[in-house]
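Q: Residues are numbered in this note's numbering as their position in the sequence shown, beginning at 1, plus a constant of 84.
Think of the CB as a built atom: it goes at the ideal place given N, C-alpha and C, for glycine as much as any other residue.
Let me give you the structure first, and then I'll get to my questions.
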Amino acid sequence: MPEFRNLPPERQVECLTELASAALTRFAIPQRSRLTLLNFRENAVFRIDHAESGTPYVMRVHRDGYQTRDSIRSELTWMRALREAGVHTPASLAGVDGDTVQTVAVDRVPRPRHCDVLSWVEGAHLGTASGVETYRLLGDTNARIHRQVKRWTLPPGFTRQAWDEDGMLGPDPLWGRFTDLEALSAERRTLMLRARDLVLERLWRFGKGRDRFGLIHADFMSENVLVQDGVPYVIDFDDSGYGWFLYDPATTLAWSTADPEFERVRDAWLEGYRSVEPLPDEDWRELPTFIMARFLVGLGWLHTRRETPMAQTFTSMVVELACAHASRFVEEAR
Numbered sequence: 085m086p087e088f089r090n091l092p093p094e095r096q097v098e099c100l101t102e103l104a105s106a107a108l109t110r111f112a113i114p115q116r117s118r119l120t121l122l123n124f125r126e127n128a129v130f131r132i133d134h135a136e137s138g139t140p141y142v143m144r145v146h147r148d149g150y151q152t153r154d155s156i157r158s159e160l161t162w163m164r165a166l167r168e169a170g171v172h173t174p175a176s177l178a179g180v181d182g183d184t185v186q187t188v189a190v191d192r193v194p195r196p197r198h199c200d201v202l203s204w205v206e207g208a209h210l211g212t213a214s215g216v217e218t219y220r221l222l223g224d225t226n227a228r229i230h231r232q233v234k235r236w237t238l239p240p241g242f243t244r245q246a247w248d249e250d251g252m253l254g255p256d257p258l259w260g261r262f263t264d265l266e267a268l269s270a271e272r273r274t275l276m277l278r279a280r281d282l283v284l285e286r287l288w289r290f291g292k293g294r295d296r297f298g299l300i301h302a303d304f305m306s307e308n309v310l311v312q313d314g315v316p317y318v319i320d321f322d323d324s325g326y327g328w329f330l331y332d333p334a335t336t337l338a339w340s341t342a343d344p345e346f347e348r349v350r351d352a353w354l355e356g357y358r359s360v361e362p363l364p365d366e367d368w369r370e371l372p373t374f375i376m377a378r379f380l381v382g383l384g385w386l387h388t389r390r391e392t393p394m395a396q397t398f399t400s401m402v403v404e405l406a407c408a409h410a411s412r413f414v415e416e417a418r
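Pasting the structure below:
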């Protein structure tokens with residue numbers, strides 16, 4: 085049998101749906117409840133329609149080897165703390181044994197997978213909106229997340245990955261080495277290496293003070309914010325971990341760098357953020373550094389997930405955006 089990740093996506097989904105069905109009873113949900121695939125990128129994400137109550141939920145069948153049981157529990161703990169601080173996030177459903185994370189095995193999936201169930205948010209993806217108001221709301225919401233982090237005492241046993249120098253750009257980064265991406269020509273790989281060295285130099289100078297470094301969402305894209313009755317709900321904390329706060333807006337804004345409206349949406353994000361939390365000009369001037377870091381991290385992801393439809397669709401576009409930003413970034417540093 086071929087390696088599971090090399091199976092056609094539809095075969096993988098078929099097998100993971102069987103595993104998700106087996107996991108339902110672990111959360112006291114009838115196995116005859118309907119499962120509908122919502123997303124299959126890092127995780128397989130399903131909508132559950134409870135067979136008896138009709139209540140909708142979301143189940144995540146986690147990617148093999150990315151997160152541990154403890155790190156997923158920690159993610160859910162942070163999401164709960166954010167809700168208590170006024171940032172809306174989905175609530176987790178405990179299993180019948182009281183644990184929010186259940187590890188489930190079926191014959192057709194080579195290794196057991198961690199599963200969790202979240203409340204359903206009936207909202208519109210902010211990613212379907214556009215314009216400065218969208219970015220102003222993203223900045224406002226991001227500031228509320230960072231404010232909670234700065235005031236929160238981590239509970240014992242809390243563990244998450246780190247988007248620090250090693251996690252982003254070290255010899256074994258979390259999402260893979262950008263230098264391994266075949267779509268980079270020798271000339272472009274050289275450009276990226278120069279940009280990486282400059283990023284690392286600037287990160288060292290920038291430092292990790294408590295006002296600059298802490299827990300971050302790390303994938304704060306507009307598609308990860310749902311709006312329900314005018315209220316933003318933040319979803320998909322799967323990549324969350326320790327990192328620089330400026331990495332969040334870099335994640336939000338990187339894909340707009342070639343847009344003629346980039347300066348307007350960037351300034352709208354900043355305006356929204358500063359309506360909640362201070363952000364000194366000195367810090368904000370380092371945004372290009374973190375956008376460059378995000379591009380380099382993204383290129384690593386495209387290599388390690390090269391078998392996925394998403395990577396195959398977007399690799400060329402991301403390479404072009406990354407190289408354009410790298411050229412400006414390196415040139416402005418001279």
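Can you tell me whether W368 is helix, strand or coil according to DSSP?
A: Taking the sequence shown and counting its residues from 1, the one referred to as residue 368 is at position 284. Three-state result, W368: helix.
Q: Ignore the nearest five residues each way along the sequence and tell me which others in L275's own chain have a CB closer than 8 Å to its CB.
A: Here residue 275 refers to the residue found at position 191 when the sequence shown is read from its first residue. Result list for L275: C407, A410, S411, V414, in chain order.
Q: Less than 7 Å between C-beta atoms, sequence neighbours within five positions excluded: which residues of the same chain meet that for F124?
A: Start at 1 with the first residue of the sequence shown, and residue 124 comes out as number 40. Within the same chain, F124 has close Cβ partners P93, V97.
Q: Do D154 and T243 have their CB atoms nearer than 8 Å?
A: Working through the sequence shown from its first residue, we reach residue 154 at position 70. Working through the sequence shown from its first residue, we reach residue 243 at position 159. Yes, the pair counts as a contact, with Cβ atoms nearer than the cut-off.
Q: W204 and Y141 - do their beta-carbons sit closer together than 8 Å?
A: What you label residue 141 is simply residue 57 of the sequence shown in a count that begins at 1. What you label residue 204 is simply residue 120 of the sequence shown in a count that begins at 1. Yes.
Q: Please classify W288 as buried or exposed, where buried requires at least 16 neighbouring CB atoms within 10 angstroms.
A: As a working note, residue 288 is residue 204 in the sequence shown. The residue is exposed, with fewer than 16 neighbouring Cβ atoms inside 10 Å.
Q: Could you tell me which uninterrupted beta strand (DSSP E) segments, each at least 3 residues in length, are contained entirely in the region 89 to 141, listed from first to last along the chain?
A: You should have 118 to 124, 128 to 133.
Q: Could you check whether I156 and H209 sit closer than 8 Å to each other, using their CB atoms as the reference points?
A: Taking the sequence shown and counting its residues from 1, the one referred to as residue 209 is at position 125. Taking the sequence shown and counting its residues from 1, the one referred to as residue 156 is at position 72. The answer is no: Cβ separation not under 8 Å.
Q: Closest by CA to D320, which one among A267, E159, A279, A227?
A: Counted from its first residue, the sequence shown places residue 320 at position 236. Of the candidates A267, E159, A279, A227, the one whose C-alpha sits nearest the C-alpha of D320 is E159.
Q: Between which two residues does the alpha helix (DSSP H) containing S203 stretch?
A: Taking the first residue of the sequence shown as 1, we reach residue 203 at position 119. It is not in any alpha helix (DSSP H) - S203 instead sits in the beta strand (DSSP E) that spans 197 to 203.
Q: Just the Cα atoms here: how many angstroms apart are T173 and A270?
A: Within the sequence shown, the letter at position 89 stands for residue 173. Within the sequence shown, the letter at position 186 stands for residue 270. Those two C-alpha atoms are separated by around 43 Å.
Q: Taking only three categories from DSSP, how would you classify S324?
A: Numbered from its first residue, the sequence shown carries residue 324 at position 240. Coil.
Q: Excluding the 5 residues flanking T152 on each side, which residues of the same chain have their C-beta closer than 6 Å to its C-beta?
A: Position 68 of the sequence shown, counting from 1, holds the residue named residue 152. Contacts found: none.
Q: Start and end of the alpha helix (DSSP H) containing A406?
A: If you number the sequence shown from 1, residue 406 lands on position 322. Unbroken alpha helix (DSSP H) run through A406: 393 to 416.
Q: Count Cβ pairs between the region 320 to 340 and the region 374 to 381 that sit closer than 8 Å; are there 3 or more?
A: Because the criterion of three Cβ pairs below 8 Å is met, the region 320 to 340 and the region 374 to 381 touch.
Q: Can you give the beta carbon distance from G327 to W247, rounded, assuming they're within the 8 Å contact cut?
A: Along the sequence shown, read from residue 1 onward, the residue named residue 327 stands at position 243. Along the sequence shown, read from residue 1 onward, the residue named residue 247 stands at position 163. Sure, about 3 Å apart at Cβ, within 8 Å.
Q: Just to confirm the assignment: which complete beta strand (DSSP E) runs, minimum length 3, are found wholly within the region 264 to 322?
A: For the region 264 to 322, whole beta strand (DSSP E) runs of length 3 or above, ordered along the chain, are 297 to 300, 309 to 312, 315 to 318.
Q: If you draw a straight line from the C-alpha of E355 to the C-alpha of R369, how long is it?
A: Taking the sequence shown and counting its residues from 1, one reaches residue 355 at position 271. Taking the sequence shown and counting its residues from 1, one reaches residue 369 at position 285. Approximately 15 Å between the Cα atoms of the pair.
Q: Are the CB atoms of A112 and Q186 nearer to each other than 8 Å?
A: If you number the sequence shown from 1, residue 112 lands on position 28. If you number the sequence shown from 1, residue 186 lands on position 102. No. Outside cutoff.
Q: State the CB to CB distance for the pair A165 and Q232, rounded to an integer number of angstroms; the pair is presumed to be in contact (CB under 8 Å).
A: Here residue 165 corresponds to residue number 81 of the sequence shown, with the count starting at 1. Here residue 232 corresponds to residue number 148 of the sequence shown, with the count starting at 1. 7 Å between Cβ atoms; contact.
Q: Using the DSSP secondary-structure output, state which residues sit across from A246 in a beta bridge.
A: Mapped onto the sequence shown, residue 246 falls at position 162. DSSP lists Y326 as partners of A246.
Q: So, helix, strand or coil for V145, using DSSP?
A: The residue you call residue 145 lines up with position 61 of the sequence shown. If DSSP states are grouped into helix, strand and coil, V145 belongs with the strands.
Q: Would you mind sorting L119 into buried or exposed? The rule is 16 or more other CB atoms within 10 Å of its CB.
A: The residue you call residue 119 lines up with position 35 of the sequence shown. So L119 counts as buried.
Q: Please state whether DSSP places L221 in a helix, a strand or coil.
A: Along the sequence shown, read from residue 1 onward, the residue named residue 221 stands at position 137. Of the three classes helix, strand and coil, the one that applies to L221 here is helix, per DSSP.
Q: Between G260 and H387, is the Cβ-Cβ spacing less than 8 Å?
A: Sequence index remark: in the sequence shown, residue 260 carries index 176 (1-based). Sequence index remark: in the sequence shown, residue 387 carries index 303 (1-based). In contact: G260 and H387 (Cβ atoms closer than 8 Å).
Q: What did DSSP end up calling V171 once you bin it into helix, strand or coil?
A: Taking the sequence shown and counting its residues from 1, the one referred to as residue 171 is at position 87. Reduced to three states, the DSSP call for V171 is coil.
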